[in-house]
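Residue numbers (the numbering used here): 677 to 827.
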């Protein structure tokens, strides 16, 4: 994944450099009134150069962040696959805590108690996602609908 992200970063750098070098100067080259539609076409050229440099760069940057987030989420869920979404929602976001969930978590945390497990999970979550809630990431990635459609 790191190699892939590095390649994407290289593409972003190249697009940014192209934008800085050619965004307006390339379009300026086509301005004039030698034929009736020349200025209109020069503006179109400027817009296309802007789209392929600046707008594509922005789109790729957002998609890159989505890929990184998804990668982190998948790795996190693989590490804590023993726990359900409801259990993680309780442990990370402190939502939906009841005795039944606490008992299920405690049964799964054989070697330690659920409070120790919670500390470890919270530390790992914050390392990957900062202060963003499990619920928000889970919803953004639409995981619940993927799980329910997979049944």
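Quick reminder that beta carbons are idealized off the backbone N, C-alpha and C, glycines included.
Since the model is a prediction, treat every value here as computed from it, not as a measurement.
Asked	Found
Taking the alpha helix (DSSP H) that residue 791 belongs to, which residues open and close that run?	790-805
When the Cα atoms are used, what is the spatial distance from residue 719 to residue 711?	14 Å
Where residue 693 and residue 703 are concerned, what is the direct C-alpha to C-alpha distance, given to the nearest angstrom?	16 Å
Closest to residue 815 by CA distance: which of 749, 803, 774 is it?	749
Under a Cβ-count criterion, where at least 16 other Cβ atoms within 10 Å of its own Cβ denotes burial, should residue 781 be classed as buried or exposed?	buried
Which of the three DSSP states is assigned to residue 808 in this structure?	coil
Rounded to whole angstroms, what's the CA-CA distance from residue 729 to residue 691? Just pull it up for me.	5 Å
Mapping DSSP to helix, strand and coil, what is residue 714?	helix
Alpha carbon to alpha carbon, what distance is there between residue 686 and residue 758?	38 Å
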